[in-house]
Amino acid sequence: MTLALLFDLDGTLIHSDPIHAAVFIELFAEYGREIDERYYYDNIHGRRNEAIFGDAFPDSDPQAMADEKEARFRDRLGDSAEPMAGLMPLLDRAACNGWPCAIVTNAPRANADAMLAAIGLNSRFDPVVIGDELPRGKPDPLPYQTALDRLGIDAGGALALDDSPSGVASASAARVATLGVRSSLPHDALIQAGAHDTIADFTDPVLDHWIAQLTKDRP
0 MTLALLFDLD GTLIHSDPIH AAVFIELFAE YGREIDERYY YDNIHGRRNE AIFGDAFPDS
60 DPQAMADEKE ARFRDRLGDS AEPMAGLMPL LDRAACNGWP CAIVTNAPRA NADAMLAAIG
120 LNSRFDPVVI GDELPRGKPD PLPYQTALDR LGIDAGGALA LDDSPSGVAS ASAARVATLG
180 VRSSLPHDAL IQAGAHDTIA DFTDPVLDHW IAQLTKDRP
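Quick look at the structure:
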């Protein structure tokens, strides 16, 4: 029974949010604005860089700030990145069953490549859909719809896994069954954003329940 798995990247496949938060806090401070982790999760998490820096520093060059931020992130990523618990067994299960696996992320291409390399998964996902390379990123449904189109499947044959409000909003708006990953936000926040249910990580039995339901009647 075929099921496409559509994964976000930051905070879903890899524990990267603490690194992002630290870099944003540092960079904002250099531009004279003090923020903390709570601000990061409430106002930055899951958004595109051009919107983040354009809103916070309208008199600066948002692209230059974004480039600097992402370069610092990649420098700090190093070998410390760890995949989300249960990810490798889930990918092996998908491979055994012939389930396609895609990435749908607002991260820049260079970051996506660096994160996948850091956890040794460069070749496990196709396609890798980058929000910045589309006319509209998350929370618009276009990124997840693009993944469906490239895989040649309908929304009923897919399951999305995403940890940010913008991501779950994007996936659910594309009519994909969506599980929020509670790596940084609680259940209620993800449900409010549009998730159909949530999981702690990829070992959560809720994930098995949804996979069973979605594959039950599919050829």
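Here numbering that gives the first Met the number 0 is used: the first residue of the sequence shown is 0, the next is one more, and so on. Think of the CB as a built atom: it goes at the ideal place given N, C-alpha and C, for glycine as much as any other residue.
* Asked: What are the uninterrupted segments assigned as beta strand (DSSP E) that are 3 or more residues long and contained completely in the region 90-175, given in chain order?
  -> Those beta strand (DSSP E) runs which fall completely within the region 90-175 and span 3+ residues are 100-104, 127-129, 157-161.
* Asked: In this structure, what does DSSP give as the bridge partners for residue 177?
  -> DSSP output for residue 177 lists 159 as bridge partner(s).
* Asked: Roughly how many whole angstroms lie between the Cα atoms of residue 160 and residue 24?
  -> Each residue's alpha carbon lies about 27 Å from the other.
* Candidates 8, 4, 1: closest to residue 117 by CA position -> Looking at the Cα atoms, 8 is the closest of the given residues.
* Is residue 204 helix, strand or coil by DSSP? -> It is helical.
* Euclidean distance between Cα positions of residue 146 and residue 165 -> Between the C-alpha atoms of residue 146 and residue 165 there is a straight-line separation of about 16 Å.
* Asked: How many Å lie between residue 102 and residue 29 at the Cα?
  -> Near 33 Å, if we compare the C-alpha coordinates of residue 29 and residue 102.
* Return the chain-ordered list of same chain residues with a C-beta closer than 7 Å to the C-beta of residue 121, the five sequence neighbours on each side being excluded. => Only 115 meet the Cβ criterion.
* By a C-beta neighbour count over all protein chains shown, 10 Å radius and 16 as the cutoff for buried, is residue 176 buried or exposed? -> Answer is buried; the Cβ neighbour count reaches 16.
* Asked: Counting pairs of Cβ atoms below 8 Å between the region 42-61 and the region 72-87, do you hit three or more?
  -> Segments in contact, no.
* If we count the other Cβ atoms within 10 Å of its Cβ and call it buried at 16 or more, is residue 144 buried or exposed? -> So residue 144 counts as buried.
* Run through DSSP, which three-state label would residue 214 get? -> In the structure shown, residue 214 adopts helical secondary structure according to DSSP, grouped into three states.
* To do: Between the Cα of residue 16 and those of 193, 46, 2, 4, spot the shortest distance and give me the residue it belongs to.
  => Comparing Cα-Cα distances from residue 16 to each of 193, 46, 2, 4, the minimum goes to 46.
* According to DSSP, what are the bridge partners of residue 3? -> DSSP lists 157 as the bridge partner or partners of residue 3.
* Please work out which residues of its chain come closer than 8 Å, Cβ to Cβ, to residue 21, disregarding the five sequence neighbours upstream and downstream, and give them in chain order. => 75, listed in sequence order.
* Asked: residue 162 to residue 49, Cα distance in whole Å?
  -> About 20 Å.
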